[in-house]
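Chemist: Sequences listed follow chains Z and S, in order.
Residue numbering for the first sequence follows this note's numbering, starting at 5 and increasing by one per position.
Residue numbering for the second sequence follows this note's numbering, starting at 5 and increasing by one per position.
We treat Cβ as the ideally placed atom computed from N, Cα and C, and that holds for glycine.
There are 2 protein chains.
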Amino acid sequence: MKLSTRGRYALRAMIDLVQNQYNNLMPISLRDISKRQEISRQYLEQLFNKLKKADLVKSTRGAGGGYLLAKEANKINAGDIIRAVEGPIVLADCILTGRKIKKSTPKKCNKVEDCAIRVLLELITQKINQTLDTTSLQDLGRITQNIKKEQKDER
Amino acid sequence: MKLSTRGRYALRAMIDLVQNQYNNLMPISLRDISKRQEISRQYLEQLFNKLKKADLVKSTRGAGGGYLLAKEANKINAGDIIRAVEGPIVLADCILTGRKIKKSTPKKCNKVEDCAIRVLLELITQKINQTLDTTSLQDLGRITQNIKKEQKDER
DNA sequence: TAAATAATATAATTTTTCAGTAAAGTCAAA
DNA sequence: TTTGACTTTACTGAAAAATTATATTATTTA
Numbered sequence: 005m006k007l008s009t010r011g012r013y014a015l016r017a018m019i020d021l022v023q024n025q026y027n028n029l030m031p032i033s034l035r036d037i038s039k040r041q042e043i044s045r046q047y048l049e050q051l052f053n054k055l056k057k058a059d060l061v062k063s064t065r066g067a068g069g070g071y072l073l074a075k076e077a078n079k080i081n082a083g084d085i086i087r088a089v090e091g092p093i094v095l096a097d098c099i100l101t102g103r104k105i106k107k108s109t110p111k112k113c114n115k116v117e118d119c120a121i122r123v124l125l126e127l128i129t130q131k132i133n134q135t136l137d138t139t140s141l142q143d144l145g146r147i148t149q150n151i152k153k154e155q156k157d158e159r
Numbered sequence: 005m006k007l008s009t010r011g012r013y014a015l016r017a018m019i020d021l022v023q024n025q026y027n028n029l030m031p032i033s034l035r036d037i038s039k040r041q042e043i044s045r046q047y048l049e050q051l052f053n054k055l056k057k058a059d060l061v062k063s064t065r066g067a068g069g070g071y072l073l074a075k076e077a078n079k080i081n082a083g084d085i086i087r088a089v090e091g092p093i094v095l096a097d098c099i100l101t102g103r104k105i106k107k108s109t110p111k112k113c114n115k116v117e118d119c120a121i122r123v124l125l126e127l128i129t130q131k132i133n134q135t136l137d138t139t140s141l142q143d144l145g146r147i148t149q150n151i152k153k154e155q156k157d158e159r
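Rendered as structure tokens:
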């Protein structure tokens, strides 16, 4: 049970965007994010594709172009970001499809025991989404800011 | 973000154990569980190895042998079972190790942005464990029982 | 006590997913 | 018209997960 790097990288990139924006006026290029976050440009491209489709960022092309937040940082939450790049959070396939367990051997989930497990997993999924949806990008930005400050003060 | 089959199978096997026990007197063989749950015997062996080490089941060898619950079903919870076969629930490696992100390229998690993400993931992990630890095997057994009953009534 | 049963332990194999890379193309602004 | 940036698709290698295989040891029962 892990959050894949896709989700983590997307969060990181979005936090980077908030931190480096000047009132969301100057587009930020993937090249810059790539450098700061040490994530390959091509990989970022994949992620921002999805972030854009989910209306979380907007882009301007050409020289001096790049990405901007599509909404205010307090209107974007962690759940939006993660679901944009990873799809909906599903702890077991039968929850979404209702049935299938595997792709290769599309066996039905016909064990009643599974249904009890499904009840449990659905409950957990709810809790996860609840937490993700009550944490805004602004929150994440502030936390980051505070950590940076602390690190500075220590020196 | 998925619960692996290991965890799901272990839950299923344990529910099977509760459902088919006669006051926990007659050991249940993996062969029977394997048949009922359609999980290969060898795979079950791996799982029960860990369940035993975690003191959730006890075993007797030889003919007529098999597994029994090591404690009462209301003293065993879903979290015990899942953690027994999957290890602790960790949504990102840096949470456990404090630092490392990957094994192969042991790069440090030196981005402050990650720390904000860690705060979020730790919160979620707490919630997950909370839910898992408040759902007993007895609960799961009852839910299963109810579902079986409903299915019967429908006919 | 031999045969059958069932757990224990480890190793090997297969399958699937993930992470990252590459390439070729499109579009917009300076 | 050229640069810089976004778009899209395909591919590859590595790691993790799932499954299978092979012995071995311990009990019971006929």
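At 9 Å on the CB atoms, spell out the chain S contacts of residue 82 (chain Z), in chain order.
Modeler: The residue given as residue 82 (chain Z) occupies position 78 in the first sequence. Proximity of chain S to residue 82 (chain Z) at the Cβ level (cut-off 9 Å) is accounted for by 121 and 124, in chain order.
Chemist: For residue 100 (chain Z), which three-state DSSP category applies?
Modeler: Taking the first residue of the first sequence as 1, we reach residue 100 (chain Z) at position 96. Since pLDDT at residue 100 (chain Z) reaches only 48, below the 50 mark, its modelled position is unreliable, and the value read off the structure follows with that caveat. Residue 100 (chain Z) falls in the helix class under three-state DSSP.
Chemist: Is it true that the CB of residue 71 (chain S) sits closer than 8 Å to the CB of residue 19 (chain S)?
Modeler: Start at 1 with the first residue of the second sequence, and residue 19 (chain S) comes out as number 15. Start at 1 with the first residue of the second sequence, and residue 71 (chain S) comes out as number 67. No.
Chemist: Quick one: using the 10 Å Cβ neighbour count with 16 as the cut-off for buried, is residue 24 (chain S) buried or exposed?
Modeler: The residue labelled residue 24 (chain S) in the question sits at position 20 within the second sequence. The residue in question, residue 24 (chain S), is exposed, as its Cβ has fewer than 16 Cβ neighbours within 10 Å.
Chemist: Just the chain S side, please: which residues come within less than 8 Å of residue 116 (chain Z) by C-beta, in chain order?
Modeler: In the first sequence, counting from the first residue as 1, residue 116 (chain Z) sits at position 112. Chain S residues near residue 116 (chain Z): 148, 151, 152 and 155.
Chemist: Give the DSSP bridge partners of residue 32 (chain Z), in chain order.
Modeler: Within the first sequence, residue 32 (chain Z) is the residue found at index 28, counting from 1. In DSSP, residue 32 (chain Z) forms a bridge with Z:71.
Chemist: Tell me, please, whether the segment 77 to 89 of chain Z touches the segment 46 to 63 of chain Z by the rule of three or more beta-carbon pairs shorter than 8 Å.
Modeler: Yes, the segment 77 to 89 of chain Z is in contact with the segment 46 to 63 of chain Z.
Chemist: Nearest to residue 142 (chain S) by CA position, among S:10, S:16 and S:8, is which residue?
Modeler: Here residue 142 (chain S) corresponds to residue number 138 of the second sequence, with the count starting at 1. Of S:10, S:16 and S:8, the residue nearest in Cα terms is S:16.
Chemist: Provide the residue(s) that pair with residue 64 (chain Z) in DSSP beta bridges, ordered along the chain.
Modeler: Residue numbering aside, residue 64 (chain Z) sits at position 60 when the first sequence is read from its first letter. According to DSSP, which records beta bridges pairwise, residue 64 (chain Z) is partnered with Z:70.
Chemist: Give a yes or no on contact between the segment 65 to 80 of chain S and the segment 116 to 131 of chain S, applying the rule of three or more CB pairs nearer than 8 Å.
Modeler: no
Chemist: Is the beta carbon of residue 152 (chain Z) sitting closer than 8 Å to the one on residue 131 (chain S)?
Modeler: The residue labelled residue 152 (chain Z) in the question sits at position 148 within the first sequence. The residue labelled residue 131 (chain S) in the question sits at position 127 within the second sequence. Contact flag unset, no.
Chemist: Which residues in the same chain have their Cβ closer than 8 Å to the Cβ of residue 11 (chain Z), if we skip the five residues on either side of it in sequence?
Modeler: Counted from its first residue, the first sequence places residue 11 (chain Z) at position 7. So the qualifying residues of the chain are 85, 86, 89 and 90.
Chemist: Counting only beta-carbon atoms, is residue 96 (chain S) nearer than 8 Å to chain Z?
Modeler: Numbered from its first residue, the second sequence carries residue 96 (chain S) at position 92. Closer than 8 Å: yes.
Chemist: Looking at the C-beta of residue 20 (chain Z), does it have a partner C-beta in chain S at a distance below 8 Å?
Modeler: The count along the first sequence starts at 1 and reaches residue 20 (chain Z) at position 16. True, the Cβ-Cβ gap to chain S drops below 8 Å.
Chemist: Do residue 148 (chain S) and residue 120 (chain Z) have their CB atoms nearer than 8 Å?
Modeler: For the purposes of this step, residue 148 (chain S) is taken as the residue at position 144 of the second sequence. For the purposes of this step, residue 120 (chain Z) is taken as the residue at position 116 of the first sequence. In contact: residue 148 (chain S) and residue 120 (chain Z) (Cβ atoms closer than 8 Å).
Chemist: Pull up the distance between the alpha-carbon of residue 42 (chain S) and that of residue 115 (chain Z), whole angstroms please.
Modeler: Working through the second sequence from its first residue, we reach residue 42 (chain S) at position 38. Working through the first sequence from its first residue, we reach residue 115 (chain Z) at position 111. Rounded to whole angstroms, residue 42 (chain S) to residue 115 (chain Z) spans 9 Å at the Cα level.
Chemist: Give the range of the alpha helix (DSSP H) segment to which residue 150 (chain S) is assigned.
Modeler: For this step, residue 150 (chain S) is matched to residue 146 along the second sequence. Here the alpha helix (DSSP H) through residue 150 (chain S) covers 141 to 158.
Chemist: Using a Cβ cut-off of 8 Å (strictly closer), state whether residue 56 (chain Z) contacts chain S.
Modeler: As a position in the first sequence, residue 56 (chain Z) is number 52, starting the count at 1. Not one chain S Cβ lies under 8 Å of residue 56 (chain Z).
Chemist: Going straight from the alpha carbon of residue 59 (chain S) to that of residue 21 (chain S), what length do you get?
Modeler: Here residue 59 (chain S) corresponds to residue number 55 of the second sequence, with the count starting at 1. Here residue 21 (chain S) corresponds to residue number 17 of the second sequence, with the count starting at 1. Their Cα atoms are separated by approximately 15 Å.
Chemist: Thinking C-alpha only, which one of Z:73, Z:137 and Z:138 is nearest residue 26 (chain Z)?
Modeler: Walking along the first sequence from the start, residue 26 (chain Z) turns up at place 22. When only C-alpha atoms are compared, the closest one is Z:73.
Chemist: Please list the residues of the segment 28 to 46 of chain S that have a C-beta atom closer than 9 Å to any C-beta atom in chain Z, keeping them in chain order.
Modeler: Going along the segment 28 to 46 of chain S in chain order, one finds 40, 41 and 42 with a Cβ nearer than 9 Å to chain Z.
Chemist: Closest by CA to residue 137 (chain Z), which one among Z:150, Z:154, Z:93 and Z:158?
Modeler: By 1-based counting over the first sequence, the position of residue 137 (chain Z) is 133. Considering only alpha carbons, the answer is Z:93.
Chemist: Could you check whether the Cβ of residue 139 (chain S) sits closer than 8 Å to any Cβ belonging to chain Z?
Modeler: The count along the second sequence starts at 1 and reaches residue 139 (chain S) at position 135. True, the Cβ-Cβ gap to chain Z drops below 8 Å.
Chemist: Please classify residue 117 (chain S) as buried or exposed, where buried requires at least 16 neighbouring CB atoms within 10 angstroms.
Modeler: Along the second sequence, read from residue 1 onward, the residue named residue 117 (chain S) stands at position 113. Residue 117 (chain S) should be labelled buried.
Chemist: Report yes if the CB atom of residue 96 (chain S) is closer than 8 Å to the CB atom of residue 55 (chain Z), and no otherwise.
Modeler: As a position in the second sequence, residue 96 (chain S) is number 92, starting the count at 1. As a position in the first sequence, residue 55 (chain Z) is number 51, starting the count at 1. Not a contact, by the Cβ cut-off of 8 Å.
Chemist: Is there at least one Cβ from chain S nearer than 8 Å to residue 104 (chain Z)'s Cβ?
Modeler: Residue mapping note: residue 104 (chain Z) aligns to position 100 of the first sequence, counting from 1. Note that residue 104 (chain Z) has pLDDT 36, beneath the 50 cutoff, so the model's placement of it is unreliable and the number below is only indicative. Not an interface residue.
Chemist: Quick one: list the residues of chain S neighbouring residue 131 (chain Z), beta-carbon separation under 9 Å, in chain order.
Modeler: As a first step, residue 131 (chain Z) is located in the first sequence; it is residue number 127 there, counting from the start. The contacting residues are 128, 131, 132, 134 and 135.
Chemist: Identify the continuous alpha helix (DSSP H) that holds residue 134 (chain Z) and give its terminal residues.
Modeler: In the first sequence, counting from the first residue as 1, residue 134 (chain Z) sits at position 130. Counted as a single uninterrupted DSSP element, the alpha helix (DSSP H) harbouring residue 134 (chain Z) occupies residues 116 to 137.
Chemist: In terms of DSSP beta bridges, what is residue 81 (chain S) paired with?
Modeler: Working through the second sequence from its first residue, we reach residue 81 (chain S) at position 77. Answer by DSSP bridge pairing, in chain order: S:140.
Chemist: So that I know if they touch, is there some Cβ in chain Z lying closer than 8 Å to that of residue 93 (chain S)?
Modeler: Translated into positions along the second sequence, residue 93 (chain S) becomes position 89. Yes, residue 93 (chain S) counts as interfacial toward chain Z.
Chemist: Just by C-beta distance, which residues in the segment 60 to 79 of chain Z are closer than 9 Å to chain S?
Modeler: Taking a C-beta cut-off of 9 Å against chain S, none of the residues of the segment 60 to 79 of chain Z qualify.
Chemist: How far does the alpha helix (DSSP H) with residue 22 (chain Z) in it reach, from first residue to last?
Modeler: Position 18 of the first sequence, counting from 1, holds the residue named residue 22 (chain Z). Counting along the chain, the alpha helix (DSSP H) containing residue 22 (chain Z) begins and ends at 9 to 24.
Chemist: So, is the C-beta of residue 10 (chain Z) closer than 8 Å to a C-beta in chain S?
Modeler: Working through the first sequence from its first residue, we reach residue 10 (chain Z) at position 6. For residue 10 (chain Z), the answer is no, since every Cβ of chain S falls outside 8 Å of its Cβ.
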